[in-house]
Structures are given as C-alpha cells and as structure tokens.
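2 protein chains.
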Amino acid sequence: MKNVIIILILALFSTSIFGQLRSIQERLGYPKDAKLVIIHADDLGVSHSENAASIMAMQKGSVSSASIMVPCPWFPEIAAFAQSNPSADLGLHLTLTSEWKYYKWGPVTAKEKVPGLVNNNGFLYSSVDSVYMRASAAEVEEEMRNQVIRAKQFGIDPTHLDAHMGTALQRPDYFKVYLKIGREFKIPVFIPRLLEVPLNVKFDTLISDKDVLVDNILSASPQDFKNGFTNFYTNGLKNLKPGLTYLIIHTAFDDEEMRAVTIDHPDWGAAWRQEDFNFFTSPECKKLLKDNNIYVITWREIRDKIVRK
Amino acid sequence: MKNVIIILILALFSTSIFGQLRSIQERLGYPKDAKLVIIHADDLGVSHSENAASIMAMQKGSVSSASIMVPCPWFPEIAAFAQSNPSADLGLHLTLTSEWKYYKWGPVTAKEKVPGLVNNNGFLYSSVDSVYMRASAAEVEEEMRNQVIRAKQFGIDPTHLDAHMGTALQRPDYFKVYLKIGREFKIPVFIPRLLEVPLNVKFDTLISDKDVLVDNILSASPQDFKNGFTNFYTNGLKNLKPGLTYLIIHTAFDDEEMRAVTIDHPDWGAAWRQEDFNFFTSPECKKLLKDNNIYVITWREIRDKIVRK
C-alpha cells in the first residue's frame with residue numbers, strides 16, 4: 002500500500018498539470034520571485050550586418066540568446082559561427098515569410114512540395130496574412146521540420162525554436178505542428194502565455210511538463226522607437242515582473258547593406274536595429290540588469306534542465 | 002538569268018561565312034580600323050554593394066554594360082532597377098557556380114531536376130571543375146534557360162548573355178547549349194575568338210552571321226592587382242587593338258558586406274572591386290578613352306543592329 006502511494010505521488014509529480022503548477026523559477030532552481038529574462042536577438046542569418054552585430058552583442062553585450070533564419074542568404078555564415086562556438090545560445094527563428102522589398106528567399110523544402118508557402122516568384126510570401134490564406138498546417142510542418150534538419154546538417158545544435166513574425170504562433174493548427182516539431186527534436190519552443198486567449202486553445206490540453214510558458218514579452222513598437230529606445234528599455238527593465246520575460250530585440254548595424262535590406266520600411270529598419278545594438282551593448286544596460294536583480298538566462302538552461310532532463 | 006545572279010548574290014550576303022568575313026566595325030557601321038570596347042561589369046545581383054557600385058559606375062562612370070546573376074540574393078534589387086531603367090545595357094551573367102565561402106545560392110531550377118548542378122547543401126558548386134565533373138549539358142541547358150525566363154519574368158529585357166566564371170564557355174557541350182539559348186531568345190552571347198583553339202571546335206561550323214565574335218579580352222589578373230590597376234588599365238586602353246574588346250571588370254564597394262561575401266579570397270575581393278570602381282569612374286579613364294579614339298559601345302547596339310536585325 003505504501004508503495005502504491007509512493008507510485009501515485011511520483012506519477013503526480015510527472016504529470017503535465019503539476020509541471021505547469023510549479024513556477025519557471027522553481028523549475029530552474031531560482032528564487033521563487035526571481036525576475037528571469039532572456040535577452041533575445043531575432044533574425045540572425047538575414048544579412049551579414051545582422052550576424053556581425055548580433056555576435057558582438059552576445060559576446061560583449063547583454064544579449065543572452067538569439068535565433069537563426071535557416072532559409073536566408075547569410076545562413077551559412079552564422080551556421081559556421083555556431084559550429085565553432087558551440088556554447089553560444091542559438092536557436093532557430095522558424096521562417097515562413099520573406100518580408101523585405103528587394104531581398105528575398107524561398108523555403109528550404111522543394112517548392113513543389115509546399116506550393117502554399119511560395120508566391121509567383123518562388124519566394125516565401127511577404128506577409129503573415131498571405132501565408133495564412135494559402136499554406137496548410139501540413140506544409141508548414143514540413144517546412145519547419147526541414148529547417149531544423151538543415152540547421153543540424155550545418156552543425157547547429159539548436160537551443161530553442163521560435164517563430165519569425167509570429168507566423169507559426171498565431172494560427173491554432175500551425176501552433177500545434179510547431180509544438181510537435183519541438184517535441185520531435187527535444188528542443189524547447191517559445192510559447193507566450195498571452196497566446197492562450199487569442200488562440201482559443203486550452204494550454205492545459207496541449208502542453209506538458211516538458212514545455213515552458215513565457216510569462217511576459219517585452220518588445221518595442223514603432224511608437225516606442227519614435228519615443229526613444231533608451232527610455233523604453235530602461236523602463237521595461239526597471240518594471241520587469243517576476244517570472245520569465247522574453248525581451249525580443251533585433252541587433253544589426255545601420256550600414257548600407259541593412260539600409261538596403263530594410264528599404265522603404267523604417268519600422269524594424271536599419272536605424273532601429275542599430276539602436277537595439279547600442280542599448281544592449283551599453284554599460285548602462287548591464288548596470289540596470291544588476292541594480293534591478295534581474296537574472297539573464299538562456300534557452301540552453303531551459304533545454305537542458307527541463308526539456309531534456 | 003539576271004534574277005538568278007541577284008538571288009545568288011543575296012544568298013551569298015546572307016550566309017554565315019559572309020557575315021563573319023565582314024569585320025565587327027563594318028557590321029556596326031564604325032570606321033574599318035576602329036577600336037571598339039564594351040566596358041563590362043560582371044556579377045550584378047551578387048550583393049547590394051555590387052549593385053549600388055555598378056549602377057553608379059554605369060550612370061556616372063565609363064561602364065557601358067553589365068550582366069546580372071539571376072540566382073543570387075540581391076537579384077530582385079537589380080531587376081527592379083532594370084525595369085525602371087530600360088535603357089541600361091543589362092544582360093545575364095549565366096551562373097552555374099556559387100563560389101564564396103559563407104554566402105551561397107542554389108539554381109533557379111527545381112533541384113530535383115538538375116541534381117548534377119547541386120551540392121550536398123543544395124547550393125551550386127564552388128568551382129568550375131566540380132560542375133564539369135557532375136553536370137550534364139542538358140542540366141546546364143535547363144538551368145540557363147530558366148535563368149533567362151526568370152529574368153524576363155522580373156521585367157528584364159536582356160541585352161546579352163555571358164558566363165559567370167566562364168563555366169558555360171569552356172566545355173564544348175556546354176558552349177553549344179549556351180549558343181542555343183542565345184538563339185532561342187535572340188540575345189547576343191559573348192563568344193571570345195580565343196576560345197576556338199582550346200574548345201577544339203571550328204567556329205565556322207557553329208556560328209552564323211547573327212553571332213558576333215569578340216576579338217580581344219582585357220581582364221585583370223591577381224598579378225595585375227598586385228601591380229596596381231591604374232597602370233594595368235591605362236596600358237590596356239593605350240594599347241587597345243582595332244576590333245571588339247571585352248573589358249571585364251567587377252565594380253563593388255570595399256564595405257563590410259562585400260568583405261564578408263569575399264572573405265578569405267583576396268583575388269576578385271572587395272578591395273579589388275573598389276579599385277575597379279575607382280578607375281572606371283575616374284576622369285582619367287574618360288580622358289584615356291577620348292585621347293585614344295576608343296569607341297565605347299554596348300551589347301544593345303549589337304543586339305539591335307545584328308542579332309535582331
């Protein structure tokens with residue numbers, strides 16, 4: 002009888018519900034009310050400028066993690082960096098769109114196999130809505146899986162998966178295959194807690210104790226850019242809530258290449274990315290993190306302590 | 002009888018042999034001993050830096066013609082320029098290789114259809130020899146045709162075809178399909194007279210009065226780069242021979258992007274391309290062309306006066 006009770010207790014500990022009842026701080030071994038943040042650079046691989054600035058922001062600045070766009074032209078450069086820097090916290094920014102005006106890419110899957118993802122010019126669509134109108138979840142699943150396989154082929158051991166422009170996150174059937182790909186490769190996936198309502202899915206029914214919910218997102222808007230990033234990020238860090246915050250930034254240099262990539266699109270443009278780089282490589286940022294008792298963590302920690310435990 | 006003689010004379014005028022007996026100067030309406038040169042920038046589309054510098058070198062410098070690499074990431078940018086500048090002399094730099102270290106591209110044809118052109122990573126091979134070892138002339142033909150079709154789809158009306166790294170030129174079976182594609186689309190193709198011996202084909206048997214042989218090639222070697230391009234090009238222009246010379250250059254800026262594209266490869270690297278840009282946008286170059294009575298011509302002239310006459 003005693004054994005049966007112990008087994009029942011152990012079973013309870015391993016259930017998905019129990020896993021999610023414990024806070025992320027407890028699951029990772031931090032104080033219960035700790036403020037955890039992943040300072041995360043998106044869009045690696047998109048350009049040389051993005052790669053060079055993001056590597057510098059990780060090595061010398063406060064950026065703790067970043068994710069790579071596998072279908073992009075500069076993917077081989079960042080893949081070579083990942084291979085020779087295996088401790089860098091690099092995941093995959095699963096990419097279903099190609100949003101810039103004169104600089105484009107297609108899927109990594111043979112176009113004939115994912116016609117719903119490909120426009121008349123053979124590129125991925127520019128907008129999330131265009132993808133939603135044409136691509137099935139099966140096509141999205143195949144493309145995402147092939148992006149993971151390709152990254153591994155290039156020597157990348159991804160610490161996490163997230164979703165470029167949120168495309169894989171905001172349609173319930175895409176979201177399910179996104180979770181599925183994460184489990185298939187035992188890679189943590191970015192799941193924002195705030196998605197539960199708009200997706201109209203009960204996370205209880207979808208996620209397990211191997212998943213991690215991100216409690217808060219801190220990400221600048223075009224209005225924040227107009228008002229100045231120093232204010233925005235300073236306030237954001239000072240007012241960080243306990244739990245896990247995903248601080249999403251885009252680090253690149255305001256150079257000729259990046260201005261050409263982001264032409265006619267000041268939001269998330271070259272100057273924007275340079276400002277992100279400037280703040281997150283500044284001593285002021287480091288001081289803010291320290292003064293406000295913020296734990297800067299990585300996806301590797303989540304992967305190795307939770308997902309692959 | 003008189004009519005028969007006239008018909009015979011007309012027939013004689015239209016034969017390929019007669020076409021090639023007349024010099025290029027005569028065929029284009031220049032003085033018999035004129036020195037004609039096409040100052041030609043290769044590799045447009047490879048990078049933003051190459052596009053921006055080459056456009057400037059055509060608009061403000063002495064560059065009269067350029068060719069575009071359709072499979073490259075920055076192809077949409079130069080295609081948009083071509084569409085809005087229909088008088089620019091832009092052809093296609095038919096591309097069968099992807100030679101840089103961390104910045105790669107694949108064919109425009111579905112990879113399954115041209116397996117001999119594609120390496121394990123899905124890119125075109127880095128070297129000409131690797132292409133020669135694996136790709137059939139049928140695969141080369143399909144890829145070249147699809148590059149022309151794609152260029153036209155993007156609004157480019159190509160003035161000529163030439164061959165990136167000479168890949169399509171130096172193997173007799175590739176050379177034949179390269180000629181075939183030119184005829185199919187009525188676009189002049191770059192045929193250097195000096196290829197007759199190494200290709201071991203009689204041009205008499207291959208070319209017609211709709212083809213143009215390029216008499217001379219002026220193109221810098223790594224040794225010329227070490228000795229300084231000003232000397233090399235100055236001497237080259239001063240000693241230009243009568244007939245048609247193809248002056249092959251590569252104009253780009255020595256910036257972060259171009260240094261990253263050409264990493265570990267100083268020959269034809271970023272500094273090399275900046276030097277080409279500097280010389281061919283200089284007043285000294287314009288003066289040399291004038292002082293030496295050189296006619297700077299375009300492929301459009303050849304296309305419209307000879308190939309599409």
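Each protein sequence line maps, in turn, to chains A and B. Okay, so the first sequence: first residue is 2 according to the numbering used here, each after it adds one. Okay, so the second sequence: first residue is 2 according to the numbering used here, each after it adds one. Glycine residues also receive a C-beta, built at the ideal position from the N, C-alpha and C atoms. Note that the coordinates shown come from a computational prediction; the quantities given were computed from them, not determined experimentally.
Terminal residues of the alpha helix (DSSP H) in which D130 of chain A lies: Residues V129 to R135.
V64 of chain B versus A58 of chain B: straight-line alpha-carbon distance, rounded: Distance from the CA of V64 of chain B to the CA of A58 of chain B, rounded to the nearest whole angstrom, comes to 6 Å.
Cβ of A261 of chain A within 8 Å of any chain C Cβ: Among the protein chains in the structure shown, which are A and B, there is no chain C.
Between the CA atoms of A152 of chain A and G107 of chain B - distance to the nearest angstrom: Straight-line Cα distance between these residues: approximately 17 Å.
Residue range of the beta strand (DSSP E) that includes K36 of chain A: It spans K36 to L45 - the beta strand (DSSP E) in which K36 of chain A sits, taken as one unbroken run.
Members of the stretch 60 to 75 of chain A that neighbour chain B once the beta carbon cut-off is set at 9 Å: Those would be C73, P74 and W75, in chain order.
Beta carbon of T160 of chain B nearer than 8 Å to that of W75 of chain B: Cβ atoms of T160 of chain B and W75 of chain B: not closer than 8 Å.
Extent of the continuous alpha helix (DSSP H) to which H49 of chain B belongs: Segment H49 to Q60, the alpha helix (DSSP H) holding H49 of chain B.
Rounded C-alpha distance that separates W269 of chain B from D256 of chain A: One C-alpha to the other measures close to 22 Å.
Backbone secondary structure at S68 of chain A - three-state DSSP: S68 of chain A falls in the strand class under three-state DSSP.
Limits of the alpha helix (DSSP H) - the one that V198 of chain B falls within: First-last of the alpha helix (DSSP H) with V198 of chain B: E197 to L200.
Contact set for I7 of chain A: own chain, Cβ-Cβ below 7 Å, skip 5 residues either direction: In this prediction, I7 of chain A has a pLDDT of 47, which is less than 50 and means its spatial position is unreliable; what the coordinates show is noted afterwards. Hits under 7 Å: none found.
Beta-carbon proximity list for I79 of chain A, same chain, < 7 Å, skipping 5 on both sides: The residues are L45, G46, N52 and I69.
Cβ shell of Q148 of chain B (< 8 Å), same chain only, five flanking positions each side left out: Answer for Q148 of chain B: V71, P72, L93, L95, T96 and V109, listed in chain order.
C-beta neighbour in chain B for S50 of chain A, strict 8 Å: Proximity of S50 of chain A to chain B, defined by a Cβ-Cβ separation below 8 Å, is satisfied.
Contact residues within the stretch 277 to 299 of chain B, judged by C-beta distance below 7 Å to chain A: Hits within the stretch: zero.
In DSSP terms, what G92 of chain A is bridged to: Partner(s): A:S68.
Partner residues on chain B for E140 of chain A, Cβ-Cβ distance less than 7 Å: Those within 7 Å of E140 of chain A in chain B number zero; the least Cβ separation is about 16 Å.
Interface residues of chain B facing P267 of chain A [CB-CB closer than 9 Å]: Think of a sphere of 9 Å around the beta carbon of P267 of chain A: no beta carbon from chain B falls inside it, the nearest being about 18 Å out.
Limits of the beta strand (DSSP E) - the one that D163 of chain A falls within: Boundaries of the beta strand (DSSP E) harbouring D163 of chain A: L162 to A164, taken from the DSSP string.
Three-state class that DSSP yields for S312 of chain B in the structure shown: Past the edges of chain B, shown from 2 to 310, lies residue 312 of chain B, and the structure says nothing about it.
Whole-number beta carbon distance between A54 of chain B and Y296 of chain B, since they are thought to touch under 8 Å: Y296 of chain B to A54 of chain B, Cβ: 25 Å. No contact.
Backbone CA spacing between F226 of chain B and M166 of chain B [nearest angstrom]: Those two C-alpha atoms are separated by around 18 Å.
Nearest-angstrom Cα separation, counted from K239 of chain A out to L289 of chain A: Between L289 of chain A and K239 of chain A, the C-alpha separation is close to 7 Å.
Within-8 Å CB hit, Y103 of chain B to chain A: Interface residue, yes.
Bridge-paired residues (DSSP) for P193 of chain B: Answer by DSSP bridge pairing, in chain order: B:V215.
Contact list for E78 of chain A against chain B, beta-carbon separation under 9 Å: Ordered by position in chain B, the residues that pass the 9 Å Cβ test against E78 of chain A are K102, Y103, Y104, A261 and I264.
Closer than 8 Å to chain A by CB, L112 of chain B: The amino acid at residue 112 of chain B is misidentified as Leu; the sequence shows Lys. At least one CB of chain A lies nearer than 8 Å to the CB of K112 of chain B.
Where D255 of chain A meets chain B, residues with beta-carbon distance less than 8 Å: Close partners of D255 of chain A in chain B (Cβ separation under 8 Å) are lacking, with about 12 Å as the shortest Cβ gap.
Bridge partner(s) assigned by DSSP for L248 of chain A: For L248 of chain A, which the question treats as bridged, DSSP gives the partners A:I40 and A:L219.
Chain-order list of residues whose beta-carbon lies under 7 Å from that of L196 of chain A (same chain, five-residue window excluded): Sequence-distant Cβ neighbours of L196 of chain A in its own chain, meaning closer than 7 Å and more than five residues away, are L170.
Under 9 Å from the C-beta of A81 of chain B: neighbouring residues of chain A: By Cβ distance, chain A contributes K102 and Y103.
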